[in-house]
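These notes are about the structure you will find just below.
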Amino acid sequence: MNDDNKFGILPYPYDEKLLASALKDSSPRLQVYLFPETAIVLGRGSNPEVELKLEESLKDQITLYRRRGGGCSVVLDPGNVVVSVILPIPGISENKKWFQRCTDWMIDGLEKVGIAGAYQDGVSDLVISNRKIAGSALYRMKGILYYSVSPARNA
């Protein structure tokens, strides 16, 4: 992450107002939105020199963002939906438990809108019939849990 300035990687801006408002009053927040641009979003620990064709990305002037949560880099464009959830959770422990609860909630939500058969594969992927349909990330700060998932538009 120390090379973010060198590569022009910006902080992921789209959930910052949501986080700020949740921090003010410690209440849950949900935000669902269409991603407004084409960009590469790197995970908290992603190394752009390993995960990206960096020269091509910079030459093509693709915006690079770094999200708060972990996971690998993803390409998002205006066809992608992003679901972000913020929950007031005491402390910063039990991340696996909370990550699982959020993932289960997302799978249940998909079923409720007619998308059946989704399951978790690995740590953070949502899959149907061995095909990845979404990736998710978790970020914790004291008292706040931030979970974000971006389903693929053509899944």
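With positions in the sequence shown counted from 1, the corresponding number in my numbering is that position plus 69.
We put the beta carbon where it would ideally sit given N, CA and C, even for glycine.
For LEU127, the three-state secondary structure derived from DSSP is helix.
Spanning the alpha carbons of GLY183 and ALA206 requires a straight line of approximately 24 angstroms. For PRO159, same chain residues with a beta-carbon under 7 angstroms away, outside a window of 5 residues either side, are GLY212 in chain order. Taken in chain order, the unbroken stretches of alpha helix (DSSP H) that lie wholly in the stretch 79-126 and span 4 residues or more are 85-94, 117-120. Taken through DSSP and simplified to helix, strand or coil, ASP73 comes out as helix. For ILE131, same chain residues with a beta-carbon under 7 angstroms away, outside a window of 5 residues either side, are THR107, ALA108, ILE109 in chain order.
Annotated three-state conformation of ARG137 is coil, per DSSP. Apart from sequence neighbours up to five positions away, the residues of its chain that approach TYR134 with a beta-carbon distance below 8 angstroms are ILE78, LEU79, PRO80, TYR81, PRO82, ALA108, ILE109, VAL110, LEU111, ordered along the chain. Burial of ASP84 is indicated by the presence of at least 16 other C-beta atoms within 10 angstroms of its C-beta. Here LYS201 is bridged, per DSSP, to VAL196.
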